[in-house]
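If you want the numbering used here, it's the 1-based position in the sequence shown plus 205.
Just below is one structure, and these are the notes that go with it.
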Amino acid sequence: MLWFLVILVVIVAAGVGMYNSLVKLKVRSDGAWADIDVQLKRRWDLIPNLVETVKGSAAHEKGTLEAVIEARNRAMSAQGPAAQGAAEGMLSGALGKLFALAEAYPELRAVEAFTELQGSLDKIETGVQNARRYYNAVVRDYNTKTQVFPTNLLAGMFGHTGREFFTLDDEAQREGPAVSFDS
């Protein structure tokens, strides 16, 4: 009888430990996604300032400016890591075209506000990249935990399912917009 109780206590303790590790990873992945969300919001808030700055020097590039705003709006309304990744990829492409205008308009590169905005965007892009890397690492750990035995038994019983990674579909989009400070 005593052995039975000892074995039962060990099994319950192992189950509690596995369940708690799943919950901890789920909470960490939620927090990591919130970090990505903060960085993306910073990026989205910067874009209207960039567009306004470019309007002053390259107002006749209306199509490019509208494409950036449209991509920003799509990114802001995207839900979930997969949709967010696709929308952010489109936004990065549109921003790349916007920064290509700086090459065509040297007077734009001379505008101090534009240069400052480019620097801010570069810092934000680094923040997004770091937050994405951390999120994906936590999701990898969580997904692994939900699939390996015996934790997968508890994961299924308590509704812990795999999470989506935050990825970009196009290899060119993974690089983000080119930000250059050359004169």
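Backbone N, C-alpha and C fix where the C-beta goes; we use that ideal spot for every residue, glycine too.
N- and C-terminal bounds of the alpha helix (DSSP H) containing residue i
i: Arg314; result: 311 to 314
i: Gly222; result: 207 to 262
i: Ala349; result: For clarity, residue 349 is Thr in the given sequence; the question names Ala instead. That run of the alpha helix (DSSP H) goes 317 to 352.
i: Arg279; result: 267 to 282
i: Gly285; result: No alpha helix (DSSP H) holds Gly285; DSSP gives it neither H nor E.
i: Asp356; result: Checking the displayed sequence, the identity of residue 356 turns out to be Thr instead of Asp. That run of the alpha helix (DSSP H) goes 356 to 362.
Same chain, Cβ closer than 7 Å to residue i, five either side skipped, listed in chain order
i: Ala263; result: Leu306, Tyr310, Leu313
i: Met281; result: Trp249
i: Gly220; result: Leu359
i: His365; result: Leu227, Lys231, Thr351
i: Leu270; result: Val256, Val259, Lys260
Nearest to residue i (by Cα), restricted to the options the options
i: Asp242; options: Ser325, His365, Pro355, Glu293; result: Glu293
i: Gly268; options: Lys302, Val215, Thr331, Gly361; result: Lys302
i: Leu296; options: Ala272, Gly285, Ala318, Gln284; result: Ala272
i: Asp250; options: Leu326, Glu317, Arg368, Phe370; result: Leu326
i: Glu164; options: Val259, Gly220, Tyr347; result: Nothing can be reported for residue 164: it is not among the residues displayed for the chain, which extend from 206 to 388.
i: Ala318; options: Met362, Lys231, Pro253, Met206; result: Pro253
i: Arg345; options: Gly367, Met362, Gly361; result: Gly367
Spatial neighbours of residue i in its chain, beta-carbon cut-off 6 Å, leaving aside the 5 residues before and after
i: Arg379; result: Note on Arg379: pLDDT 46, under 50, position unreliable in the model; the coordinate value appears next. Leu373.
i: Met223; result: Thr356, Leu359
i: Asp387; result: At Asp387, the pLDDT of 49 sits below 50, so the modelled position is not reliable and the matter cannot be decided from this model.
i: Leu255; result: Leu322
i: Ala287; result: Glu369
i: Gln332; result: Here residue 332 is Gly; the residue named in the question, Gln, does not match the sequence. Correct list, in chain order: Gln244.
i: Ala283; result: Gln289, Ala292
8 Å Cβ shell around residue i - same chain, five flanking residues per side excluded
i: Ile329; result: Gln244, Arg247, Arg248, Leu251
i: Glu275; result: Ala299
Supposed close pair residue i, residue j - CB separation, criterion 8 Å
i: Asp371; j: Asn348; result: Reading the sequence as shown, one finds Phe at residue 371 and not Asp. Not confirmed; about 13 Å, so no contact.
i: Arg233; j: Val343; result: 5 Å
Would you check if there are 3 or more beta carbon pairs closer than 8 Å linking the segment 332 to 347 to the segment 228 to 246?
-> yes
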